[in-house]
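Residue numbers (our numbering): 5 to 269.
Beta carbons: idealized from backbone N, C-alpha and C, even for Gly.
What you are looking at is a predicted structure, and each value in this text was computed from that prediction instead of being measured.
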């Protein structure tokens with residue numbers, strides 16, 4: 005009887021020990037190998053947030069990809085259109101009928117041109133606007149600045165500017181015409197016949213040679229001892245005129261000027 009009670013006590017003790025062991029093992033596993041239930045809500049929220057972020061990034065990437073494809077298609081089409089335009093066979097326009105050159109209107113003057121430049125001879129009729137006088141002008145590519153015959157040269161001041169008053173001779177007469185011009189500048193001229201340099205006043209004058217009209221600088225100098233009362237230098241010739249050496253009077257002033265002046269050729 006006593007042995008039976010002892011075996012029953014041992015069985016009960018074994019059950020208690022086994023139950024305790026199981027409980028201890030469960031607590032240890034829950035502590036070290038499993039996520040606490042209190043953190044599952046935060047974990048699920050984090051997972052959902054990351055999943056939403058990934059979806060948004062995927063959508064943005066798809067939109068950018070489609071945009072790039074669209075731009076590439078447009079650029080490719082432009083290149084294809086440009087290639088098609090270049091390789092297209094050009095169509096030549098019909099050859100226009102040749103027209104006869106119109107007759108020269110002598111009333112407007114005459115001056116032949118080569119590549120846009122007026123052809124002049126060594127001597128040309130030179131019309132000085134303002135007084136309306138025609139001079140015989142020497143065309144000289146060796147002179148830097150053009151010159152005109154002037155007498156009684158007097159400098160004066162007007163409204164704070166330097167001016168000059170001078171007389172120009174009337175061709176074929178003993179008369180003079182007085183002009184007043186603002187001084188553009190002064191130049192130093194050295195002549196072979198003179199011992200020292202001569203300072204001359206420079207003014208702007210408007211003139212015509214043939215049908216060509218221009219405004220250019222002229223030095224004022226007494227040319228009474230020279231053959232020609234006007235000299236055309238490089239400042240007028242440059243990029244405007246070409247000299248036909250050996251010829252004279254290859255241009256013709258307008259008829260209206262020649263009619264009003266009987267001193268021109």
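Runs of beta strand (DSSP E) wholly within the segment 152 to 233 (minimum 3 residues, chain order): 155 to 162, 165 to 173, 180 to 186, 189 to 193, 202 to 213, 216 to 225
Distance between beta carbons of residue 148 and residue 237, contact taken as under 8 Å: Indeed, because the Cβ distance is near 6 Å, the residues count as touching under 8 Å.
Buried/exposed call for residue 61, threshold 16 Cβ in 10 Å: exposed
Exposure label - residue 163; buried when at least 16 CB within 10 Å: exposed
Three-state secondary structure assigned by DSSP to residue 241: helix
Cβ pair residue 127, residue 141 closer than 8 Å: A Cβ-Cβ contact shorter than 8 Å links residue 127 with residue 141.
Range covered by the alpha helix (DSSP H) that runs through residue 259: Residues 259 to 264.
Coarse secondary structure for residue 121, derived from DSSP in three states: It is a strand residue.
Start and end residues, beta strand (DSSP E) containing residue 128: 127 to 132
Proximity to residue 249 [Cα-Cα], best of 177, 124, 47, 49: 124
Sub-8 Å separation of residue 2 and residue 217 beta-carbons: Because the chain spans 5 through 269 in this model, residue 2 falls outside it and cannot be assessed.
Alpha-carbon spacing of residue 235 relative to residue 86, whole angstroms: 58 Å
Beta-carbon proximity list for residue 145, same chain, < 7 Å, skipping 5 on both sides: 238, 241, 247
Range covered by the beta strand (DSSP E) that runs through residue 141: 137 to 143
Secondary structure of residue 62, DSSP reduced to three states: helix
Three-state secondary structure assigned by DSSP to residue 256: strand
Beta-carbon gap between residue 4 and residue 158 smaller than 8 Å: No answer is possible for residue 4: the residues shown for the chain start at 5 and end at 269.
Chain-order list of residues whose beta-carbon lies under 8 Å from that of residue 117 (same chain, five-residue window excluded): Cβ within range, chain order: 123.
Same chain only: Cβ atoms within 8 Å of residue 253, ignoring 5 sequence neighbours per side: Cβ neighbours of residue 253 beyond the five flanking positions: 125, 127, 128, 129, 269.
CB contact flag (residue 209, residue 257, <8 Å): Their beta carbons are not under 8 Å apart, which means residue 209 does not touch residue 257 by this criterion.
C-alpha gap between residue 74 and residue 84, whole angstroms: Computed Cα separation, rounded: 15 Å.
Whole-Å CB distance - residue 206 paired with residue 190, under 8 Å assumed: 6 Å
Exposed unless 16 or more other CB atoms sit within 10 angstroms - verdict on residue 135: exposed
Same chain, Cβ closer than 6 Å to residue 165, five either side skipped, listed in chain order: 186
For residue 88 and residue 67, the rounded distance between their alpha carbons: 32 Å
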